[in-house]
Amino acid sequence: MRIRPATPAELPALRAVERAAGSPFRAFGMAEIADDEPPALDLLERYRRAGHAWIAAATDDDRPLAYLIAEPVDGALHIEQVSVHPDFAHRRIGEALLAYAADRARDEGLAHLTLTTFAEVPWNAPYYARLGFRTLDEAELTPGLRKIRATEAEQGLDRWPRVCMRRP
């Protein structure tokens, strides 16, 4: 596996990874999340053009196994989405993508990684905590994180407990 920037031609494959990665949410009574549409191609292209869309590619055929998209928010690189195809789960691919994103954040002079995630899904907040992320208290939320959380609430994601997390 190697991590590299996504190409325009790979963006549809990222949507396929996202669809597959959503399927395990069904086991948690979260069919709405499993059935949620992946990011639109134009949105993925916006992240790609900004230099914030990376893939983990198979070494044999260079196809995307996982991806991460992010954007700077209030002095941190905010992880908008990290998804690993379930056929390649439990191989530390998500961890490798986050490490790559952390290196890029440092290159850009950003001090932290941030993300929002489901608090009680094992491969969400508990997973990120094992990777050094810490849940932020309400008072620690930056204006940008508050705006992201408000948008998520409008989209109905607060039906399940969510948290903001940060890692240096």
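Quick note on numbering: my numbering labels position 40 of the sequence shown as 646, and the sequence is numbered without any gaps.
Positions of the beta carbon are idealized from the N, C-alpha and C atoms, including for glycine.
Owing to the predicted nature of the structure, the values given are computational and were not obtained by experimental measurement.
Item                                                                                                                                         : Value
Leaving out five residues before and five after Ala663 in sequence, what residues of the same chain have Cβ atoms less than 8 Å from its Cβ? : Met607, Arg608, Ile609, Arg610, Arg669, Pro670 and Leu671
Closer than 7 Å, CB to CB, is Glu746 near chain E or not?                                                                                    : Absence of chain E from the displayed structure is noted, only one protein chain being present.
Assign Pro644 to one of two classes, buried (16 or more other C-beta atoms within 10 Å of its C-beta) or exposed (fewer than that).          : buried
Determine the direct distance from the alpha carbon of Val688 to that of Ala640, and round the result to whole angstroms.                    : 15 Å
So for Pro644, helix, strand or coil by DSSP?                                                                                                : coil
Give the DSSP bridge partners of Pro611, in chain order.                                                                                     : Trp660
From Arg621 to Pro692, what does the alpha carbon distance come to, in whole angstroms?                                                      : 14 Å
Comparing C-alpha positions only, which one of Leu674, Asp642 and Glu638 sits nearest to Ala659?                                             : Leu674
Residues in its own chain within less than 7 Å of Ala627 by CB, not counting five upstream and five downstream?                              : Ser689, Val690, His691 and Pro692
With distances taken Cα to Cα, identify the nearest neighbour of Glu746 among Cys770, Ala656 and Leu719.                                     : Cys770
Report back the beta-carbon spacing between His696 and Thr720 to the nearest angstrom; my notes put them in contact at under 8 Å.            : Wrong, their Cβ atoms sit about 25 Å apart, outside the cutoff.
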